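K.L.:
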Amino acid sequence: MTETTGIKLDATYLGLREIGPWLGRVFVDFGWADSPSLGAVELAVHELATNVVDHADPPDGLIRVEAQRRQDDLAIRLTDAGRPFEQTDYAAPDENNPQERGYGLMIAEQLATEIEYFRDGDINVWSAVFAIEAVRS
Amino acid sequence: MEILTGSHERAVTTMALDGRLDALEAGQLRGILSETIERGDVNIAIDLSAVDFVDSAGLAALVKGMKDARQAGGDVKLVAPKSADAMRVFELTRFDRVFEMASELSSLVEKW
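Chains as they are written, first to last, in the working numbering: chain A, 7 to 143; chain B, 4 to 115.
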């Protein structure tokens with residue numbers, strides 16, 4: 007079974023607040039209402055979208071997000087027309103000198119089973135797949 | 004997000020946050036922490052128990068405050084979020100081991 011739905015977000019921190027409610031509706035539509043995975047997926051998608059706001063600065067001011075159900079997995083695709091993403095190295099926190107930034111992608115990578123970035127012409131594409139945990143009885 | 008500040012007899016400044024600590028709100032927290040530390044109140048306990056979402060920008064504001072406070076001879080300690088979703092970012096980045104965290108504000112302050 008394959009179902010797809012999408013949303014356009016303003017590429018602003020305020021715009022990112024639509025991600026949680028939209029994903030909540032996606033989970034219901036895809037038959038995963040009350041799944042404990044919702045919060046983890048929201049955080050990962052939020053972090054990827056925050057990277058777009060912070061670094062890509064898309065000229066149309068938009069981030070497009072699509073969700074597709076693939077059996078028990080959720081595939082998410084974020085696209086924007088902004089500057090190419092340049093991956094910077096990140097390191098695990100050092101208790102003696104903890105870094106302040108650079109955790110967004112690390113967080114998303116830990117929450118997704120797959121995550122990929124590529125350029126499609128002038129478009130940035132982030133693709134992530136999440137294993138959705140069934141509702142706990 | 005609302006930030007309520009107070010003080011304690013053990014010279015600990017307390018802050019209580021609720022709602023979302025995300026990129027939209029992180030700047031406000033960063034500013035309040037900076038002002039607090041600059042005026043010499045370097046022991047800060049932040050109650051996150053009513054926060055239901057924390058992202059990497061919110062975490063960064065807390066880390067900046069912790070580093071500045073420690074550099075000034077104090078610390079930033081946290082009451083852990085009750086929400087598993089809000090706690091997740093600390094666990095994934097292992098900052099749950101870097102910050103001193105407790106489940107109640109009173110126990111955090113009394114151990115100072």
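For glycine and all other residues, C-beta sits at the position ideal for the given N, C-alpha and C. In this text, all values refer to a predicted model and were calculated from it rather than measured experimentally.
1. Rounded to a whole number of angstroms, what is the C-alpha to C-alpha distance between ARG23(B) and ARG91(B)?
2. Which chain B residues sit within Cβ distance under 7 Å of TYR109(A)?
3. Just to confirm the assignment, what range does the alpha helix (DSSP H) spanning PHE93(B) have?
4. For PRO84(B), count neighbouring Cβ atoms within 10 angstroms of its own Cβ and tell me buried if that reaches 16, exposed if not.
5. Would you mind telling me which residues of chain B sit closer than 7 Å to GLU53(A), beta carbon to beta carbon, in chain order?
6. Could you work out which residue in ALA62(A), VAL32(A) and ILE113(A) is closest to ARG76(A) when comparing CA atoms only?
7. Contact criterion: CB-CB distance below 9 Å. Does ILE129(A) meet it with respect to chain B?
8. Measuring straight from C-alpha to C-alpha, what distance separates ILE6(B) and ILE35(B)?
9. What ranges does the alpha helix (DSSP H) occupy inside the segment 39 to 113 of chain A, keeping only unbroken runs of at least 4 residues that lie completely in it?
10. Should PHE141(A) be labelled buried (16 or more other beta-carbon atoms within 10 Å of its own) or exposed?
11. With 16 other CB atoms within 10 Å as the buried threshold, where does SER10(B) fall?
12. Give me, in chain order, the residues of the same chain whose beta-carbon lies closer than 6 Å to that of ASP44(B); leave out the 5 immediate sequence neighbours on both sides.
13. In angstroms with no decimal places, state the Cα-to-Cα distance between ILE221(A) and ILE82(A).
14. CB-CB under 6 Å to PRO99(A), same chain, minus the five flanking residues each way: which ones, in chain order?
15. Between the alpha carbons of ALA134(A) and LEU62(B), how many angstroms are there, rounded?
16. Could you name the residues that DSSP lists as bridge partners for ASP16(A)?
17. Rounded C-beta distance between LEU80(A) and ILE69(A)? I'm assuming under 8 Å.
P.N.:
In terms of the structure at hand:
1. The residue given as residue 23(B) occupies position 20 in the second sequence. The residue given as residue 91(B) occupies position 88 in the second sequence. Going by the C-alpha atoms only, they are around 13 Å apart.
2. In the first sequence, the residue the question calls residue 109(A) occupies position 103. By Cβ distance, chain B contributes SER59, LEU62 and THR96.
3. The count along the second sequence starts at 1 and reaches residue 93(B) at position 90. From DSSP, the alpha helix (DSSP H) with PHE93(B) extends over 87 to 96.
4. For the purposes of this step, residue 84(B) is taken as residue 81 along the second sequence, with counting starting at 1. Looking at its Cβ environment, which holds 16 or more other Cβ atoms inside 10 Å, PRO84(B) is buried.
5. On the first sequence, residue 53(A) is found 47 positions in, with the first residue counted as 1. The answer, in chain order, is ASP58 and SER59.
6. Numbered from its first residue, the first sequence carries residue 76(A) at position 70. Of the candidates ALA62(A), VAL32(A) and ILE113(A), the one whose C-alpha sits nearest the C-alpha of ARG76(A) is VAL32(A).
7. For the purposes of this step, residue 129(A) is identified with residue 123 of the first sequence, where counting begins at 1. Not closer than 9 Å to any Cβ of chain B, the Cβ of ILE129(A) fails to qualify, so no.
8. As a working note, residue 6(B) is residue 3 in the second sequence. As a working note, residue 35(B) is residue 32 in the second sequence. C-alpha separation (whole angstroms): 9 Å.
9. 44 to 57
10. Here residue 141(A) corresponds to residue number 135 of the first sequence, with the count starting at 1. The question names Phe, but residue 141(A) is Val in the sequence shown. Exposed, by the Cβ-count rule.
11. Numbered from its first residue, the second sequence carries residue 10(B) at position 7. Exposed is the call here.
12. Here residue 44(B) corresponds to residue number 41 of the second sequence, with the count starting at 1. Excluding positions up to five away in sequence, the list reads THR16.
13. Outside the displayed span of chain A (7 to 143) sits residue 221(A), for which this structure offers no information.
14. Locating residue 99(A) in the first sequence gives position 93, counting from the first residue. For PRO99(A), the predicted model reports a pLDDT of 49, less than 50, meaning its position is unreliable and no value from the coordinates is stated.
15. The sequence position of residue 134(A) within the first sequence is 128, counting from 1. The sequence position of residue 62(B) within the second sequence is 59, counting from 1. Near 23 Å, if we compare the C-alpha coordinates of LEU62(B) and ALA134(A).
16. On the first sequence, position 10 is the one that residue 16(A) refers to. Answer by DSSP bridge pairing, in chain order: LEU68(A).
17. Your numbering for residue 80(A) matches position 74 in the first sequence. Your numbering for residue 69(A) matches position 63 in the first sequence. That belief does not hold up - the Cβ atoms of LEU80(A) and ILE69(A) are roughly 18 Å apart, past 8 Å.
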